[in-house]
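Let me begin by presenting the structure, written as structure tokens, before commenting on it.
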Amino acid sequence: MRHTRPQLGRKRAVVVGAVGVAAMVAMAVAALATAGGDQAEQAIVCPSPVGALTAVPEAAQAEVTRELANLDKQLKEANERLVTSAGEGGPAFVDNAILGPLASKRTAALDRIAIAIGRVDEKPEGLEQFAKCALGEAGDVVDVTAAPPADAPAEGEGEQVIECPSPVDALAAVEVPASAEAEVERELANLDKQIQEANDRLVSTKGQGGANFVDNAILGPLADKRTAALNRIETAIGRAAEKPEGLEQFAECELVEAGAGAGEEGEAGEEAGGMTTTTAPAADEPADGEQVIACPSPVDAIPAVPAAAQAEVTRELANLDKQIQEANDRLVSTKGQGGPNFVDNAILGPLADKRTAALNRIETAIGRVAEKPEGLEQFAECGLA
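Just so it is clear: in the sequence shown, position 376 is 375 by numbering that gives the first Met the number 0, and no numbers are missing.
Printed below as a string of structure tokens:
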């Protein structure tokens, strides 16, 4: 059964979603002994930023975890001071001596969380809204870093995955100018990366949040990211040709049962795993005696790729495959043209230049976060086979 997402047109922030702060408040309180026996016990209550954080990059996890624990520690210390200073100062004592300094400490910790994520990924904005705390009724002690549990899945309900529509067929009807091909390819790969990250987060956050957690924290931000990527595709084409319209119809994604997608009328079962947008149609096998362009693969020469570079390396490897496909397509379409050096000068030479650039980008991507590999350009030259 497919589950559609309501209110998909809403604007969402990069990290801090449309969920109200009040909905994410964790009642992290400690009982306060007061002088009057009939007076209600009070404690300091702070909103939790956990529900507003997207998947944290591996390189930032340790620091983010440390700062979330620091928020718990700050709240505990503030509640302890609330107890030990009971009866001190005037009516504004708690605000000035406890809640004010606590808000400053929380602002600093939340800033450090944003900076830690921003070093390796898109920096979240708006976390400072979770800095201010207030007095509330004392209740059960719950850490602010603990996210509320999600509703248990119905009995017999299987694992779910995120499925997104592919814009590839719509783009097939559009002539993509040569000057826009690289950017369009990059954005198509970006769409694939976004689906993968969303499905990864679906797994890593299982059991977190309430009934609308997936809609608000995963599907909503994914739709916004896809809309932006699809708009960039339209803009890239529009710079050199007629701008396509309506690609944003492919922005909305949904949950489906894992392994579903092959209906009674033979729908493609591949959809269930999160449709890949960059898969090219298989080329026809060459007839006997016909030549094709063959290129050496750099895969075995590439060292272990750091997590922070994997997306870019994968994109460039896909780009290498696309370049070979395009060169072989041109080999067929220009058969009989030019002189004896036509293939070398018009196809193999430009292909080697494109491959050199892609291989250099792979080296650079890895070199940003680890030791830069050298010598991948040896895989640039191709030949006829």
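Glycine included, each C-beta is placed from N, C-alpha and C at the ideal position.
Tell me which same chain residues have a C-beta within less than 6 Å of the C-beta of residue i, skipping the five on either side of it?
i: Ala-357; result: Glu-315, Asn-318 and Leu-319
i: Gln-377; result: none
i: Gly-104; result: In the sequence on display, residue 104 carries Lys and not Gly. Cβ within range, chain order: Gln-73.
i: Leu-383; result: Gln-290
i: Glu-127; result: Thr-106 and Leu-109
i: Val-368; result: Pro-305, Ala-307 and Ala-308
i: Ala-326; result: Ile-292, Ile-346 and Leu-350
Assign residue i to one of two classes, buried (16 or more other C-beta atoms within 10 Å of its C-beta) or exposed (fewer than that).
i: Thr-333; result: exposed
i: Val-213; result: buried
i: Gln-193; result: buried
i: Phe-129; result: buried
i: Ala-34; result: Because the pLDDT at Ala-34 is just 36, under 50, the model does not fix this residue reliably, and the value given afterwards should be weighed accordingly. The residue is exposed, with fewer than 16 neighbouring Cβ atoms inside 10 Å.
i: Gly-245; result: exposed
i: Thr-83; result: exposed
i: Lys-371; result: exposed
i: Gly-88; result: exposed
i: Ala-473; result: For the chain, the structure presents residues 0 to 384; residue 473 sits outside this window and is missing.
i: Ser-47; result: buried
i: Asp-328; result: exposed
Please return the same chain residues whose Cβ sits closer than 7 Å to the Cβ of residue i, not counting the five positions on each side in sequence.
i: Pro-152; result: At Pro-152 the pLDDT is 41, less than 50, meaning the model places this residue with poor confidence and gives no usable figure here.
i: Glu-66; result: Ala-108, Arg-111 and Ile-112
i: Asp-199; result: Ala-54
How about residue i and residue j: do their beta carbons lie closer than 9 Å?
i: Gln-73; j: Leu-101; result: yes
i: Ile-418; j: Ala-308; result: Absent from the structure is residue 418, since the part of the chain shown begins at 0 and ends at 384.
i: Pro-176; j: Ile-236; result: yes
i: Leu-254; j: Gln-322; result: no
i: Ala-188; j: Ala-310; result: yes
i: Val-55; j: Val-44; result: no
i: Ala-96; j: Arg-118; result: no
i: Leu-229; j: Cys-252; result: no
i: Gln-41; j: Leu-134; result: yes
Could you name the residues that DSSP lists as bridge partners for residue i?
i: Ile-161; result: Leu-254
i: Ala-293; result: Gly-382
Excluding the 5 residues preceding and the 5 following residue i in the sequence, name in chain order all residues of the same chain whose CB lies nearer than 8 Å to its CB.
i: Leu-375; result: Pro-297, Ala-300, Ile-301, Leu-358, Asn-359, Ile-361 and Glu-362
i: Val-183; result: Leu-170, Val-175, Ile-232, Ala-235 and Ile-236
i: Pro-148; result: Only weak support exists for where Pro-148 lies, its pLDDT of 35 falling under 50; the value from the coordinates is given anyway. Counting only Cβ-Cβ distances below 8 Å, and skipping sequence neighbours, we find Gly-206 and Gln-207.
i: Ala-351; result: Ala-379, Glu-380 and Cys-381
i: Glu-373; result: Glu-362
#### Entry: Sequence ranges, alpha helix (DSSP H) only - wholly within the region 190–249, length at least 4
Here the runs fully enclosed are 219–237.
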